[in-house]
Amino acid sequence: MKKIISMLMSCLSLVCLSSCNSESSSVEDLDTPVFCLTSDMDDPIVLAEGRSKSVKLNVKAEKLGPAANMTFTVDADMKLVSSYNEKNSTDYVEMPASCYSFEKNSMMVYRYDVNSTTGVLKITANSLEQGKTYILPVVIASAEGAEYELTKESAAYILLQAAEVAPEEVDITAGLIDDECKPADASKTPDYTINNLEDLKNLRNNLKEGATTYVVLNADIDMASVTDWTPLFSAFNEDGTDLIEFNGKGHTISNFSCAAGSYRSFFGFRDENGWPDNTSYEGWWDYDTLPKLNYEDSEELYDYILGIAAKWVSAPYYVDGWRLDVAADLGHSSEFNHKFWRDFRKAVKTANPEALILAEHYGDPKDWLEKGDQWDTVMNYDAFMEPLTWFLTGMEKHSDEYIPEKKGKVDDFEGAMRHFMASFQTSQLQCAMNELSNHDHSRFLTRTNGTAGRVETHGSEAAEYGVNFGIFREAVVVQMTWPGAPTVYYGDEAGVCGFTDPDNRRTYPWGKEDVVLVDFHRDMIRIHKENEALRTGSLKLLQGEKDILCYGRFNRTQQFVVILNNSDEKKEITKEVWSIGIPKNCKMERLIITTEAGYSLMPKEYEVEDGRITITLLPHSAAVLKYKV
């Protein structure tokens, strides 16, 4: 897909220099959170005169965020221009007020979080002088909610520069047909002129078979609202004799994309002679609404997808990675599937070595993970969601089946975890997506009621009836303390229920959230973030028994014990803990304890005697304990 652009008579270069730096090296010794202001502007942006660009602003904590929600506001501060010029030996000019405006100047930093919500600054090219560089210092003007400090120089500097482009230079698209479009000879009489959107839409009908068509754009065209555009490629001969020569004449076609080459080879058809109205294409799992892509027989498709894979993890987008839907189903053979994902990985990692490749996969992922040459990790159904669901609820993850005998069966849980976790390398396991719910399965909170069925058999209200918040909190404790990357499906933190798809996609309950549950998630996330051993430490299962799960997370400097009572009765639980590096006689501190009624952060000490610790837990409760040095 390619964009048509025009010659630019003038352009603007836009760049931001942010000052979150290492000058505040002492922040680790401070109790008060330290913040800086950042921007998403890393590379110059080219704008035409009168054009605008939105700049994203964020407030970032240099370590753990505040203990209360904070609201920051930002504003311009031109007093910093002279000091900036003096410090950097520049002669930048104050950006005129007509060139900037704040579309959103307030940002929220939630308690214990590091990053704020996003503010938006609009920059507009407005009568700037050639050869001058304009500067806009943006600072944190105020903050409410808690005590805070700023880095030594917490400001984002936006630079704007007008740059002349020679009028004879014309930048117009190729790509309307097999990359063979070329600039038109201005001396030629145009065969077709585009003056409005309808002219553009009718271009296909005015192409000359077997000849070059000279097209001139006489006006700016915006296709943002166009839904009935017909790709041009179908109007051309297969031998490529139909060409377009295009003259932009200084105008633009925005929000426009068109096909390059034929999509015919992208799909498999049972009726080879039925194209382009062929409805007998090969469908994924025979679903007629999901055409299966024919990678094996289309080099064009293969290369196109690999190009997309590299594009979005590169500048200026820099997305963090790819989530691959039903990745094992790509292609028509196992051999080809593995070849494609090796090539996919090479394309992605060459463009951005830090980009994540995360596959949706059911079953053993070892064939894709063991050599480290395909996926980085997977959505962790088999080594997290499914065993935990059976142990805590006795339910299948779609709520299609309830087997009471499986509930509390710790041997099954530990056996499944040992088996499936063995398919991962340590780094793959630590970034595996550990979910309790998602768009494909019932909400975990709904599973706690033991009701097997779907919305079409029971109605939506049945998904909310008889749920057990104690069991749900047990699950969240495991999610935030088990090896892997905890991933919260929107609404779980607010108490949203629902049977499997589509009932699991209910609207977020704005203003009606379960605030205790929201706070509980924030506190468990904070505990996860604050303690390295809970993210990358070793795991050891500690003497499980019916309804009781106990395990340790530890490294050289931290030792934690997590204990769950998933029974319907109050239990006094004694466990050996010395094997994870805890002294045989010492004290452990409770970081959090959960119950069916809520949770508590009130610290409490427990004695370890002869390598054993004893704790009393109410029904459906959990506790996280830390060795107190």
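So the sequence shown is numbered by this note's numbering: it starts at 421 and just counts up by one.
Note that CB positions come from ideal geometry on N, CA and C, so glycine has one too.
Checklist entry - Where does S847 land, buried or exposed, given buried means 16+ other C-beta within 10 angstroms? => result By the neighbour-count rule (16 or more Cβ atoms within 10 Å), S847 is not buried but exposed.
Checklist entry - Taking the alpha helix (DSSP H) that T927 falls in, what are its first and last residues? => result No alpha helix (DSSP H) contains T927, which DSSP labels as neither H nor E.
Item to check | Buried versus exposed, by CB contacts within 10 Å (16 or more), F756 | outcome: So F756 counts as exposed.
Next on the checklist: I'd like the ranges of any alpha helix (DSSP H) spanning at least 4 consecutive residues and lying wholly in the segment 487-573.
Outcome noted: Within the segment 487-573, the runs of alpha helix (DSSP H) that reach at least 4 residues and sit entirely inside it are, in chain order, 500-508.
Item to check | F666 versus T633, R955, A639 and V938, residue with shortest Cα-Cα distance | outcome: For F666, the nearest C-alpha among the options comes from T633.
Next on the checklist: Taking 8 Å as the threshold (C-beta atoms), are A779 and V768 in contact?
Outcome noted: Against a cut-off of 8 Å, the Cβ pair of A779 and V768 comes out as no contact.
Next on the checklist: I'd like the span of the beta strand (DSSP E) that includes K473, first residue to last.
Outcome noted: Taken as a continuous stretch (DSSP letters only), the beta strand (DSSP E) holding K473 covers S472 to A481.
Checklist entry - By Cβ distance, which residues of its chain are closer than 6 Å to M944, with the 5 residues on each side in sequence left out? => result Cβ within range, chain order: V896 and M900.
Next on the checklist: Give me, in chain order, the residues of the same chain whose beta-carbon lies closer than 6 Å to that of R1032; leave out the 5 immediate sequence neighbours on both sides.
Outcome noted: Cβ neighbours of R1032 within its own chain (closer than 6 Å, five residues either side excluded): T994 and E996.
Item to check | Alpha-carbon spacing of R624 relative to I641, whole angstroms | outcome: When rounded, the distance between both Cα atoms is 16 Å.
Next on the checklist: Tell me which residue opens and which closes the alpha helix (DSSP H) that S847 is part of.
Outcome noted: Residue range T846 to Q850 is occupied by the alpha helix (DSSP H) that includes S847.
Next on the checklist: Rounded to the nearest angstrom, what separates L620 and I614 at their Cα positions?
Outcome noted: Looking at the two C-alpha atoms, the distance is approximately 6 Å.
Item to check | With 16 other Cβ atoms within 10 Å as the buried cut-off, status of S536 | outcome: Classification for S536: buried.
Checklist entry - Who are the near neighbours of D763 in its chain, counting only those whose CB is closer than 7 Å to its CB and skipping five residues on each side? => result The beta carbon of D763 sits closer than 7 Å to those of L726, all from its chain and outside the five residues before and after it, given in chain order.
Item to check | Contacts around S734, its chain only, beta-carbon distance under 7 Å, and the 5 residues preceding and following it disregarded | outcome: Counting only Cβ-Cβ distances below 7 Å, and skipping sequence neighbours, we find A771 and N772.
Item to check | Reduced DSSP secondary structure (H/G/I, E/B, other) of A576 | outcome: Residue state, collapsed to three classes: strand.
Item to check | Three-way DSSP call (helix, strand, coil) for T613 in this model | outcome: T613 falls in the strand class under three-state DSSP.
Checklist entry - How should M498 be labelled, buried or exposed, when 16 other C-beta atoms within 10 angstroms of its C-beta is the threshold for buried? => result Exposed: under 16 other Cβ atoms inside 10 Å.
Checklist entry - Around the Cβ of L1021, are there at least 16 other Cβ atoms within 10 angstroms (buried) or fewer (exposed)? => result With fewer than 16 other Cβ atoms within 10 Å, it is exposed.
Item to check | Whole-angstrom distance between V475 and M461, CA atom to CA atom | outcome: Each residue's alpha carbon lies about 7 Å from the other.
Checklist entry - Using 8 Å as the Cβ pair cut-off and three pairs as the minimum, do the segment 811-830 and the segment 967-986 touch? => result Short answer: they touch.
Checklist entry - Which whole runs of the alpha helix (DSSP H) in the segment 710-790 are 4 residues long or more, in chain order? => result Within the segment 710-790, the complete alpha helix (DSSP H) runs of at least 4 residues are 719-732, 754-771 and 786-789.
Next on the checklist: At the level of alpha carbons, what is the spacing between A1056 and H839?
Outcome noted: No information on residue 1056 is available, as it lies outside the stretch 421 to 1049 that the chain covers here.
Next on the checklist: Going by DSSP, what residue range makes up the alpha helix (DSSP H) through A895?
Outcome noted: F889 to T901 is the extent of the alpha helix (DSSP H) around A895.
Next on the checklist: Tell me whether the segment 475-490 and the segment 505-515 touch, counting them as touching only if at least three CB pairs, one residue from each stretch, are closer than 8 Å.
Outcome noted: Touching, no.
Item to check | CB-CB length for L457 against I560, believed under 8 Å | outcome: Rounded to the nearest angstrom, the Cβ distance from L457 to I560 is 6 Å, consistent with a contact under 8 Å.
Checklist entry - Straight-line CA distance for R1010 to T797? => result Between R1010 and T797, the C-alpha separation is close to 33 Å.
Checklist entry - Would a check of beta-carbon distances place D495 closer than 8 Å to chain B? => result Going by chain labels, chain B is absent from the structure shown, which holds only one protein chain.
Item to check | At least 3 beta-carbon pairs within less than 8 Å: the segment 946-965 vs the segment 861-872 | outcome: Contact check between the segment 946-965 and the segment 861-872: fewer than three CB pairs, one atom from each, fall below 8 Å, which does not count as touching.
Next on the checklist: Using only CA atoms, which one of L579, S502 and M841 lies nearest to L548?
Outcome noted: Of the listed residues, the one whose Cα sits closest to L548 is L579.
Next on the checklist: Just to confirm my understanding: we take N505, look at its own chain, exclude 5 residues before and 5 after, and list those with CB closer than 7 Å. What are they?
Outcome noted: If we look at N505 and ignore the five residues flanking it on each side, its Cβ neighbours are D511 and Y512.
Next on the checklist: In the DSSP output, which residue or residues are listed as bridge partners for K669?
Outcome noted: DSSP, once it has assigned bridges, lists no residue as partnering K669.
Item to check | Beta-bridge partners of C456, as assigned by DSSP | outcome: The partner list for C456 (beta bridge, DSSP) reads K480.
Checklist entry - Which residues mark the beginning and the end of the alpha helix (DSSP H) in which V875 is found? => result First-last of the alpha helix (DSSP H) with V875: V875 to H878.
Next on the checklist: What I want to know is whether the C-beta of F666 ends up closer than 7 Å to one or more non-hydrogen atoms of the ligand ADP.
Outcome noted: This structure lacks the ligand ADP; in fact it carries no ligand of any kind.
Checklist entry - At what residues does the alpha helix (DSSP H) containing M799 begin and finish? => result No alpha helix (DSSP H) contains M799, which DSSP labels as neither H nor E.
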